[in-house]
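First comes the structure, then the notes that go with it.
Number of protein chains: 2
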Amino acid sequence: MEKLRPNEIADALEELVFTGEFRDGDRLDEITLAARFGVSRTPIREALQRLVVSGLAEQLPRRGVFIRQPGPVELMQMFETMAEIEAACGRLAAVRISESALDGLEETNARCQAAVTAGDVDGYYRENQRFHQVIYHETGNSFLENEALRLNRRLSPFRRVQLRWRGRMSQSMAEHETVVRALRDGDAVLAADTLRSHVAVQGEKFHQLVSSLRMAAQ
Amino acid sequence: MEKLRPNEIADALEELVFTGEFRDGDRLDEITLAARFGVSRTPIREALQRLVVSGLAEQLPRRGVFIRQPGPVELMQMFETMAEIEAACGRLAAVRISESALDGLEETNARCQAAVTAGDVDGYYRENQRFHQVIYHETGNSFLENEALRLNRRLSPFRRVQLRWRGRMSQSMAEHETVVRALRDGDAVLAADTLRSHVAVQGEKFHQLVSSLRMAAQ
DNA sequence: ATTGAATTTCTTGTATACAAGATCATTGAC
DNA sequence: GTCAATGATCTTGTATACAAGAAATTCAAT
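Protein chains in written order, with this note's numbering: chain A, 328 to 545; chain B, 328 to 545.
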């Protein structure tokens with residue numbers, strides 16, 4: 328394995344958390360990781376720091392850093408926050424989006440629709456991501472764009488699950504079309520409200536999922 | 328000086344940036360800082376990493392980390408984002424805030440008003456901060472609360488300046504009172520809109536300031 | 001057998017040594 | 001005198017050594 332730099336190591340670790348190789352509560356042992364990545368503890372420690380700052384892991388002094396996946400409550404809060412940020416992006420994009428970007432959104436939506444009819448969850452996921460990222464970008468506010476991307480990325484492993492809900496993809500599609508119409512009309516309020524509930528429903532689906540698991544456990 | 332831990336060092340460095348001891352573009356020399364804080368380079372490097380991740384500094388590989396204050400454009404984007412986040416907080420707080428918190432907000436506003444009549448800028452600043460932080464908290468969403476606090480803190484050195492604008496404090500006061508009324512009425516839209524423009528105007532004031540400086544320079 | 005204390009071992013946190021790249025200065029050519 | 005090239009110096013980045021605290025194990029006493 329070629330030698331990775333600390334931020335590449337951090338990305339790799341992040342990926343390992345997302346893919347589920349590291350589970351909630353796992354301790355990230357410096358020595359083991361150093362051996363695994365073929366470097367000394369120093370760059371590993373820097374990478375771990377990045378994970379801690381980004382909220383994916385927690386550091387207990389003199390005890391190590393542990394993977395910390397958000398629990399149901401925190402997850403709901405994160406989805407709610409994402410919903411508000413998406414709404415803000417829609418609000419700003421409604422008055423700033425370019426014609427070409429609007430056309431691009433409609434093309435993306437067409438590919439989304441194709442994925443829905445084909446039952447292609449991965450394809451839908453990819454085009455859905457693109458749809459939202461275009462809106463972030465069309466806020467014309469790269470700071471907000473980055474904040475949106477950051478939280479979007481953090482939630483992506485959880486968002487993916489709930490696409491498999493029956494009928495969710497087609498409902499999601501309908502919402503996308505409302506968003507594009509609102510953006511084309513420059514209707515900031517409609518764009519914001521539609522995007523907010525579009526994302527908020529994901530949190531609610533998750534809540535239902537967790538609740539049903541609780542029920543089943545009793 | 329007692330020995331500080333890396334995150335305490337990071338806080339101290341952040342403070343030094345805010346107080347202006349470190350200026351935009353300054354290189355944060357590891358050896359100098361190590362001597363200054365009486366530790367080795369290792370904890371200094373960890374602290375610097377935190378600054379970089381939080382966006383206060385930029386790291387150029389093999390060249391060092393440099394203080395990176397936001398320029399006019401980025402600052403405007405940050406204020407705009409803050410405005411949207413405050414609006415979101417107002418929206419959520421409007422339906423969740425407790426009676427006691429509402430009473431607390433009115434007390435805070437009274438102290439704000441006292442500071443305005445006394446021309447006490449520092450006092451106003453402090454109570455104004457408290458006002459906003461209560462609203463963040465009353466969203467009942469600690470994740471959003473933390474995001475709001477983070478950005479608020481990042482903008483605080485710039486927000487402080489524009490309070491000295493003539494008539495700004497009293498106008499700001501009036502906006503606070505509208506916010507409290509909206510929250511008491513559970514009027515989510517009014518709370519959100521008022522808070523948004525309350526914060527957005529700060530960015531605009533800054534824009535004016537920068538523009539006038541540009542003019543003067545020519 | 002179980003509990004509790006003491007010791008050993010292991011891990012993190014810090015300091016220092018070493019490697020590699022960047023900056024700066026000196027020197028030589030034009 | 002200016003510019004370029006080469007070498008010295010300094011800084012960052014990584015590895016390793018050492019210090020200090022936490023966990024685990026052992027062993028004795030009940």
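All residues carry an ideal CB built from backbone N, CA and C; glycine is no exception.
Drop a sphere of 10 angstroms on the beta-carbon of residue i, count the other beta-carbons inside from all chains shown, and report buried for 16 or more, exposed for fewer.
i: A/R563; result: The shown model of chain A, from 328 to 545, leaves out residue 563 of chain A, and the question about it has no answer.
i: B/T369; result: exposed
i: B/V422; result: exposed
i: B/V506; result: buried
i: A/A475; result: buried
i: B/V516; result: exposed
i: B/I358; result: exposed
i: B/S427; result: exposed
i: B/S499; result: buried
i: B/A414; result: buried
i: B/A441; result: exposed
In chain A, what lies closer than 9 Å to residue i by C-beta?
i: B/Q376; result: P333, E373, Q376, R377 and V380
List the residues of chain A whose Cβ lies closer than 8 Å to the Cβ of residue i, in chain order.
i: B/N468; result: Q404, E407 and T408
i: B/A415; result: T408, E411, I412, A414 and A415
In whole angstroms, what is the alpha-carbon distance linking residue i and residue j?
i: B/I412; j: B/V461; result: 14 Å
i: A/Y463; j: B/S539; result: 31 Å
i: B/R363; j: B/D353; result: 16 Å
i: A/R523; j: A/R480; result: 17 Å
i: A/H459; j: B/T444; result: 47 Å
i: B/P397; j: B/S483; result: 13 Å
i: A/H534; j: A/V400; result: 9 Å
i: A/G347; j: A/D338; result: 14 Å
i: B/V366; j: B/V528; result: 44 Å
i: A/E385; j: A/E434; result: 41 Å
i: B/R332; j: A/E407; result: 35 Å
i: B/G391; j: A/E373; result: 15 Å
i: A/N473; j: B/I371; result: 27 Å
i: A/L360; j: B/S381; result: 25 Å
i: B/R508; j: B/G530; result: 24 Å
i: A/S425; j: A/L432; result: 11 Å
i: A/N455; j: A/A501; result: 12 Å
i: A/G513; j: A/T521; result: 13 Å
i: B/R457; j: A/A437; result: 48 Å
i: A/E335; j: A/R477; result: 17 Å
i: A/R493; j: B/Q489; result: 52 Å
i: B/N468; j: A/K532; result: 18 Å
i: B/R487; j: B/K330; result: 32 Å
So which residues of chain B does residue i contact, with C-beta pairs closer than 7 Å?
i: A/E474; result: T408
When you measure from the CB of residue i to every non-hydrogen atom of the ligand GTP, does any distance come out below 7 Å?
i: B/T346; result: Looking for the ligand GTP in the displayed structure turns up nothing, as the structure carries no ligands at all.
Do residue i and residue j have their C-beta atoms closer together than 8 Å?
i: B/T466; j: B/A420; result: yes
i: A/G450; j: A/A519; result: no
i: A/E342; j: A/L378; result: no
i: B/M405; j: A/F470; result: yes
i: A/H525; j: A/C439; result: no
i: B/F345; j: B/L402; result: no
i: A/R491; j: A/V537; result: no
i: B/L387; j: B/L510; result: no
i: A/R453; j: A/I394; result: no
i: A/L355; j: A/L375; result: yes
For a contact meaning CB atoms closer than 7 Å, what does residue i contact in chain A?
i: B/L343; result: Near B/L343 there are no residues of chain A at all, since even the closest Cβ is about 19 Å away, more than 7 Å.
Under 9 Å Cβ-Cβ, which residues of chain B neighbour residue i?
i: A/E401; result: S469 and F470
Task: Length at least 4, wholly inside the stretch 445–486 of chain A: the alpha helix (DSSP H) runs in chain order - done: Whole alpha helix (DSSP H) segments, 4+ residues: 448–464.
Task: Every unbroken beta strand (DSSP E) within the stretch 343–414 of chain B, with a cutoff of 3 residues, ordered by chain - done: 384–387 and 391–394
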